[in-house]
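> Before we start, here is the structure in question, set down as structure tokens.
In our numbering, the protein residues as written are 38 to 181.
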């Protein structure tokens, strides 16, 4: 038996897009970027452009990572501005152990459509002319 339900009122307001927070990592550098992951945005170029915007908005990418225990003054000239052709992306072979540094390059849009990305999943990035993808997990030490 069907119950009489009032008609759904739409008011012309589109539903809120689903936002997924992705961590893009290179060595010790991490960019946390919110992405709208719907069918039209599951494109390699969308991921690259979002990462490029985060890098360039934060002053650019350091060519050399600084040791986490070292205090270094920020210098605006230290960062390198990048473009999407400068970078490549990769999935970890195992989501549970991205720091094993076993990566599957994201070479086309199809590879993005075949995986499910969750909040705070890690994607590695590197310069296109770098040999390997590599990320490091920072260890925090309590100083007493």
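Even glycine gets a Cβ: it sits at the ideal position worked out from N, Cα and C. Predicted, not measured: the structure shown is a model, and the values here were computed from it.
Please identify the residue among 64, 65, 97 and 147 whose C-alpha is closest to the C-alpha of residue 78.
Ranking 64, 65, 97 and 147 by Cα distance to residue 78 puts 147 first.
> Mind checking whether residue 62 and residue 159 have CB atoms under 7 Å apart?
Yes, the pair counts as a contact, with Cβ atoms nearer than the cut-off.
> For the stretch 113–177, which segments carrying the alpha helix (DSSP H) assignment without a break, of at least 4 residues, lie completely within its bounds, in sequence order?
Counting only runs of 4 or more, we get 146–150.
> Tell me the rounded alpha-carbon separation between residue 151 and residue 54.
Cα-Cα distance, rounded: 20 Å.
> For residue 124 versus residue 85, is the C-beta distance shorter than 7 Å?
Yes, the Cβ-Cβ distance between residue 124 and residue 85 is below 7 Å.
> When DSSP labels each residue in this structure, what does residue 185 get in the three-state scheme?
As shown, the chain starts at 38 and ends at 181. That puts residue 185 outside it, with no answer to give.
> Compare the Cα-Cα distances from residue 119 to each of 174, 72 and 92 and report the closest residue.
Measuring from the Cα of residue 119, the nearest candidate turns out to be 92.
> Terminal residues of the continuous beta strand (DSSP E) containing residue 72?
Start and end: 66–73.
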